[in-house]
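Remarks on the structure that follows.
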Amino acid sequence: MSERYPYGGGAEIADLGFARLDLQRAARTGDPEVVFGRGKTPLQVVAALRALHEAHPEGAVLATRLDDDAVARVRADLPEADLDEVARTAVLGKPRTPHGRVAVVGAGTADMPVVRECVTTVQVFGAEPDMILDVGVAGLHRLLAQRDRIDTADVIVAVAGMEAALPSVIGGLTGAPLIAVPTSVGYGWHMDGLTAWLATLNSCAPGVLTVNVDNGFGAGVAAARIARRAR
Numbered sequence: 063m064s065e066r067y068p069y070g071g072g073a074e075i076a077d078l079g080f081a082r083l084d085l086q087r088a089a090r091t092g093d094p095e096v097v098f099g100r101g102k103t104p105l106q107v108v109a110a111l112r113a114l115h116e117a118h119p120e121g122a123v124l125a126t127r128l129d130d131d132a133v134a135r136v137r138a139d140l141p142e143a144d145l146d147e148v149a150r151t152a153v154l155g156k157p158r159t160p161h162g163r164v165a166v167v168g169a170g171t172a173d174m175p176v177v178r179e180c181v182t183t184v185q186v187f188g189a190e191p192d193m194i195l196d197v198g199v200a201g202l203h204r205l206l207a208q209r210d211r212i213d214t215a216d217v218i219v220a221v222a223g224m225e226a227a228l229p230s231v232i233g234g235l236t237g238a239p240l241i242a243v244p245t246s247v248g249y250g251w252h253m254d255g256l257t258a259w260l261a262t263l264n265s266c267a268p269g270v271l272t273v274n275v276d277n278g279f280g281a282g283v284a285a286a287r288i289a290r291r292a293r
């Protein structure tokens, strides 16, 4: 059972015992708080998601990084939730009308969990995601065939592991805002994505911004906020 009460400066908190949810984050930033599933029990995930949805019935709320037990619990207790077992996300409620388009470009199939986490986040945070898959630079013709589609987006998110060349190549083909997401995908000692992260940080293509390794959520939030103000 949650308890809602003022928390100084007019802020309102939902106290669940294990968490104090920030119910006025949407008023400050345009977006409600998100449930980070890792480290929470399945029941805690459900309780937090339900409380946030009750506080924001006009739109969707999001939970990320759910383990198998949490996915099963959300499916049982919140059957109306939209679950993506690849992205490890749950969405409760109807996403707002989208404004702006974000091209979420994935280098390879192995990057799919991060790509889909980003796509879901973009949608919940108020923009239209356009998912473009398996266009890594090992087959450059695949990327070039999608060039016009990518270039007309308001924002681009490029998701890539290995040596993470994809963001740099896209940065040389378009002038749209570009967010790179390095992933922890690669052969041998890729150092859990450090190789890809350093590559995106040191891109020779100007205008490439980089988030942390596997952070599809962070990229999705930033991209949606840029896109929805672009039009």
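So for the sequence shown, the numbering used here puts the first residue at 63; every next one is plus one.
Quick reminder that beta carbons are idealized off the backbone N, C-alpha and C, glycines included.
Cut-off 8 angstroms between Cβ atoms - residues of its own chain near residue i, not counting five sequence neighbours on either side
| i | result |
| --- | --- |
| V283 | D93, T183, F187 |
| E142 | L154 |
| Q106 | L78, F80, A81 |
| L140 | V108, L111, R112, A152, L154 |
Own chain residues within Cβ distance below 6 angstroms of residue i, not counting five before or after
| i | result |
| --- | --- |
| L271 | I241 |
| E225 | A261 |
| A289 | G162, V164, A189, D216, V217 |
| V181 | V166, P191, M193 |
| K102 | none |
| D213 | T236 |
| V96 | L124 |
| M63 | Confidence at M63 is low in this model, with a pLDDT of 44, below 50, so its placement is unreliable and the value that follows should be read with caution. So the list is empty, once near-sequence residues are dropped. |
| V273 | V243, G280, A281 |
| D131 | P104 |
Beta-carbon proximity of residue i to residue j, cut-off 8 angstroms
| i | j | result |
| --- | --- | --- |
| A222 | T245 | yes |
| G135 | R100 | The sequence given here places Arg at residue 135; Gly does not occur at that position. Result no, Cβ atoms of R135 and R100 do not sit closer than 8 angstroms. |
| L195 | G168 | yes |
| P175 | R150 | yes |
| T281 | D216 | Per the sequence presented here, residue 281 reads as Ala, with Thr not at that position. The answer is no: Cβ separation not under 8 angstroms. |
| I218 | A238 | yes |
| N277 | V247 | no |
| E120 | F279 | no |
| A124 | L83 | The sequence given here places Leu at residue 124; Ala does not occur at that position. No. Outside cutoff. |
| W54 | V275 | Look at the range of the chain in this structure, 63 to 293, and you will see that residue 54 is not part of it. |
Cutoff 7 angstroms; reference residue i; Cβ partners in own chain excluding five residues on either side
| i | result |
| --- | --- |
| P209 | According to the sequence provided, residue 209 is Arg. The question's Pro does not apply to it. Contacts found: L235. |
| A88 | P94, H118 |
| G198 | A169, G170, A222, L228 |
| V133 | L145, E147 |
| D173 | V221, A222, G223, T245, V247 |
Per DSSP, cross-strand counterpart(s) of residue i
| i | result |
| --- | --- |
| E190 | R163 |
| A261 | Answer is none; A261 lacks a bridge partner. |
| A48 | The structure shown has nothing for residue 48, since the chain only spans 63 to 293. |
| V270 | L240 |
Residue i CB to nearest heavy atom of the ligand SAH below 7 angstroms
| i | result |
| --- | --- |
| L271 | Because no ligand of any kind appears in the structure shown, any question about the ligand SAH cannot be addressed here. |
Proximity test, Cβ basis, 8 angstroms: residue i and chain C
| i | result |
| --- | --- |
| T103 | Among the chains of the structure shown, chain C does not appear; only one protein chain is present. |
Using 8 angstroms as the cut-off, can you tell me whether the region 156-164 makes contact with the region 244-259, which would need three or more C-beta pairs spanning the two stretches below that distance? no
Every unbroken beta strand (DSSP E) inside the region 123-185 [3 residues or more]: 123-126, 144-146, 151-154, 163-168
Going along the chain, which unbroken runs of the alpha helix (DSSP H) with 4 or more residues stay wholly within the region 84-108? 87-91
Runs of beta strand (DSSP E) wholly within the region 222-250 (minimum 3 residues, chain order): 240-244
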